[in-house]
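**Q** For reference, the structure I am asking about is given below.
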Amino acid sequence: MIARLRKWAELVTFSHTIFMMPFAAAAVVLAMAVPHEKLTPLRLGAIVLCMVCARTSAMAFNRWADRDIDAKNDRTKGRPVASGRIAPREALILTVVSGLAFCGFASLLGRWPALLSFPVLLVLLGYSLAKRFTWAAHAWLGFALALAPGGAWVGMGATPNSGILALMVAVLTWLLGFDVLYALQDEKFDRAHGLFSIPSRFGTRGAMRIAAVSHVVTVAMLAATGYFLQRGIVFFLGVIAVAVVLVIEHRLVRPRDASQGEVDLSQIGKAFFDCNAYVSLGFFATTLVDGLLR
Numbered sequence: 001m002i003a004r005l006r007k008w009a010e011l012v013t014f015s016h017t018i019f020m021m022p023f024a025a026a027a028v029v030l031a032m033a034v035p036h037e038k039l040t041p042l043r044l045g046a047i048v049l050c051m052v053c054a055r056t057s058a059m060a061f062n063r064w065a066d067r068d069i070d071a072k073n074d075r076t077k078g079r080p081v082a083s084g085r086i087a088p089r090e091a092l093i094l095t096v097v098s099g100l101a102f103c104g105f106a107s108l109l110g111r112w113p114a115l116l117s118f119p120v121l122l123v124l125l126g127y128s129l130a131k132r133f134t135w136a137a138h139a140w141l142g143f144a145l146a147l148a149p150g151g152a153w154v155g156m157g158a159t160p161n162s163g164i165l166a167l168m169v170a171v172l173t174w175l176l177g178f179d180v181l182y183a184l185q186d187e188k189f190d191r192a193h194g195l196f197s198i199p200s201r202f203g204t205r206g207a208m209r210i211a212a213v214s215h216v217v218t219v220a221m222l223a224a225t226g227y228f229l230q231r232g233i234v235f236f237l238g239v240i241a242v243a244v245v246l247v248i249e250h251r252l253v254r255p256r257d258a259s260q261g262e263v264d265l266s267q268i269g270k271a272f273f274d275c276n277a278y279v280s281l282g283f284f285a286t287t288l289v290d291g292l293l294r
């Protein structure tokens, strides 16, 4: 039983929840500063379950949709569905069950969360097909992740404003930037198999420039979030810390041969997981402390 649970956790890469959940939690904290519904245990539980179910549905569908592609890629051929450890039918069933659960929990949060749940689910599932027709798939994934804080805000009964929109843009560009860096590993594979990505379209150097510009926008939009929502000094110290970590992330992906546009990807795991975990958790921590001090 434990072994099976581990396979399911690997299927949905449960550890990567650390990228999405802290920003959703930060949105809940920020919503406290504007008119909102009372944060009851039922509301908080429904918001958390919405996030978990939506992400589970999206990841299960991604592994199902990409099973043939993953099986051809040395980096991904060990994934549960691609390797046969989990049957495609099981992943598809998990997609449907989790998606229905997401819509059900969203209905507990009010009219707008209920009405928006199905379109949101379509966006989340649609990302898995995007690499087959657009190199902007990274931005699609960024938008999907940005729906987490946006959804948490609406789930709190708060009216959308410039502050939450700025935070959503920040999350979109943050994900866009680090996903482009991570996709450098598959540049040759994507090009050889007709898959669309920013590295396969613009090359290594072009992709790194796009990632850098995206993260500059991230920091600017986090600062704008604080400005629009009138946050305190601790919040802006958190924004500065995010900027520092993002600089470190880019330095970990070092040029190997500038003339050939090659990079050293030996630290890509640390750049991808560690740095971005610090970004999300650090931003939530400083947002929470800033909120408690107000």
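FYI, the numbering for the sequence shown is 1 to 294, going by full-length UniProt numbering. From the three backbone atoms N, C-alpha and C, an ideal C-beta is built for every residue, glycine too.
Keeping to the same chain, check which residues put their C-beta closer than 7 Å to that of M32; ignore five residues upstream and five downstream.
**A** By one-based count along the sequence shown, residue 32 stands at place 32. Excluding residues within five positions, the ones whose Cβ falls inside 7 Å are G291.
**Q** Excluding five sequence neighbours on each side, which residues of the same chain lie with their C-beta closer than 6 Å to the C-beta of V120?
**A** Position 120 of the sequence shown, counting from 1, holds the residue named residue 120. Once the five neighbours on either side are set aside, the close Cβ partners of V120 are L147.
**Q** Shortest alpha-carbon distance to residue 296 belongs to which of F272, T287, F118, F102?
**A** Lying before the first or after the last residue shown, residue 296 is absent from the chain, which here runs from 1 to 294.
**Q** Is it the case that the stretch 56-66 contacts the stretch 98-106, given that we only count it when at least three CB pairs across the two stretches are under 8 Å?
**A** Because the criterion of three Cβ pairs below 8 Å is met, the stretch 98-106 and the stretch 56-66 touch.
**Q** Is it true that the stretch 153-160 meets the stretch 182-202, where meeting means three or more beta-carbon pairs spaced less than 8 Å apart?
**A** The answer is no - the stretch 182-202 does not touch the stretch 153-160, with fewer than three Cβ pairs under 8 Å.
**Q** So, with DSSP's three-state summary, where would you put W135?
**A** Taking the sequence shown and counting its residues from 1, one reaches residue 135 at position 135. DSSP places W135 in coil when its eight states are reduced to three.
**Q** Can you tell me whether I93 is buried or exposed? The criterion is at least 16 other CB atoms within 10 Å of its CB, across all chains shown.
**A** Along the sequence shown, read from residue 1 onward, the residue named residue 93 stands at position 93. When all chains shown are included, I93 counts as exposed.
**Q** Pick helix, strand or coil for E37, following the three-state DSSP scheme.
**A** For the purposes of this step, residue 37 is identified with residue 37 of the sequence shown, where counting begins at 1. E37 falls in the coil class under three-state DSSP.
**Q** What three-state label does DSSP hand H193 in the structure shown?
**A** Locating residue 193 in the sequence shown gives position 193, where the first residue counts as 1. Coil, per DSSP.
**Q** Using 10 angstroms around the beta-carbon of D179, count the other beta-carbons present and answer buried if the total reaches 16, otherwise exposed.
**A** Working through the sequence shown from its first residue, we reach residue 179 at position 179. So D179 ends up on the buried side.
**Q** Counting only the same chain and skipping the five closest in sequence on each side, list residues whose C-beta sits under 6 Å from that of F189.
**A** Along the sequence shown, one-based indexing puts residue 189 at 189. Taken in chain order, the residues that qualify are N73.
**Q** Can you check which of these residues, G45, F228, H250, is closest to W174 by C-alpha distance?
**A** Reading the sequence shown from its first residue, position 174 is the one you call residue 174. Residue H250 is the option with its Cα nearest to W174.
**Q** With distances taken between CB atoms, is the gap from T225 to G177 smaller than 8 Å?
**A** Locating residue 225 in the sequence shown gives position 225, where the first residue counts as 1. Locating residue 177 in the sequence shown gives position 177, where the first residue counts as 1. It is not a contact, given that the beta carbons lie outside the stated cut-off.
**Q** Does the stretch 274-290 touch the stretch 23-30, meaning 3 or more C-beta pairs lie closer than 8 Å?
**A** Flag = yes, the stretch 23-30 and the stretch 274-290 touch.
**Q** Would you check if the distance between the CB atom of R43 and the CB atom of R63 is smaller than 8 Å?
**A** Position 43 of the sequence shown, counted from the first residue, corresponds to residue 43. Position 63 of the sequence shown, counted from the first residue, corresponds to residue 63. Result no, Cβ atoms of R43 and R63 do not sit closer than 8 Å.
**Q** Is any non-hydrogen atom of the ligand SAH found closer than 7 Å to the C-beta of P35, if you look at the structure I gave you?
**A** As far as ligands go, the structure on display features none, and thus does not contain the ligand SAH.
**Q** Anyone know if the C-beta pair for V34 and N161 falls short of 8 Å?
**A** The residue you call residue 34 lines up with position 34 of the sequence shown. The residue you call residue 161 lines up with position 161 of the sequence shown. Their beta carbons are under 8 Å apart, which means V34 touches N161 by this criterion.
**Q** On the three-state DSSP scale, how would you describe L116?
**A** Numbered from 1 along the sequence shown, position 116 holds the residue referred to as residue 116. If DSSP states are grouped into helix, strand and coil, L116 belongs with the helices.
**Q** Just curious, the alpha helix (DSSP H) that M208 is in, first and last residue?
**A** For this step, residue 208 is matched to residue 208 along the sequence shown. Per DSSP, M208 belongs to the alpha helix (DSSP H) from 198-228.
**Q** Starting from I164 and walking both ways along the alpha helix (DSSP H), at which residues does that stretch end?
**A** The count along the sequence shown starts at 1 and reaches residue 164 at position 164. Unbroken alpha helix (DSSP H) run through I164: 162-183.
**Q** Quick one: measure Cβ to Cβ for F23 and P149, integer angstroms, because I've assumed they're closer than 8 Å.
**A** Residue mapping note: residue 23 aligns to position 23 of the sequence shown, counting from 1. Residue mapping note: residue 149 aligns to position 149 of the sequence shown, counting from 1. Contact flag correct, Cβ pair sits at about 5 Å.
**Q** Quick test of your reading: L109 and A46, contact by CB under 8 Å. State the CB separation rounded to the nearest angstrom.
**A** As a position in the sequence shown, residue 109 is number 109, starting the count at 1. As a position in the sequence shown, residue 46 is number 46, starting the count at 1. With a Cβ gap of about 5 Å, L109 and A46 count as contacting.
**Q** Excluding the 5 residues preceding and the 5 following V279 in the sequence, name in chain order all residues of the same chain whose CB lies nearer than 6 Å to its CB.
**A** Along the sequence shown, one-based indexing puts residue 279 at 279. Correct list, in chain order: V242, V245.
**Q** Looking at the unbroken alpha helix (DSSP H) that takes in A82, where does it start and where does it end?
**A** Position 82 of the sequence shown, counting from 1, holds the residue named residue 82. First-last for A82: undefined, no H or E at that position.
**Q** Count the other CB atoms within 10 Å of the CB of G269; is the residue buried (16 or more) or exposed (fewer)?
**A** Here residue 269 is taken as the residue at index 269 of the sequence shown, counted from 1. Exposed is the call here.
**Q** Alpha carbon to alpha carbon, how far is V123 from A258? Give it in angstroms, no decimals.
**A** Position 258 of the sequence shown, counted from the first residue, corresponds to residue 258. Position 123 of the sequence shown, counted from the first residue, corresponds to residue 123. Note on A258: pLDDT 46, under 50, position unreliable in the model; no value is reported.
**Q** Please go through the same chain and pick out, in chain order, the residues whose beta-carbon is closer than 8 Å to the beta-carbon of H36, but skip the five residues on each side of it.
**A** The residue labelled residue 36 in the question sits at position 36 within the sequence shown. Closer than 8 Å at Cβ, skipping near neighbours: M156, G157, A158.
**Q** With C-beta atoms as the reference, is C50 less than 8 Å away from F118?
**A** Residue numbering aside, residue 50 sits at position 50 when the sequence shown is read from its first letter. Residue numbering aside, residue 118 sits at position 118 when the sequence shown is read from its first letter. Going by C-beta atoms, C50 is not nearer than 8 Å to F118.
**Q** Can you check which of these residues, S214, A136, A220, A183, is closest to V263 by C-alpha distance?
**A** As a working note, residue 263 is residue 263 in the sequence shown. Nearest option by C-alpha distance: A183.
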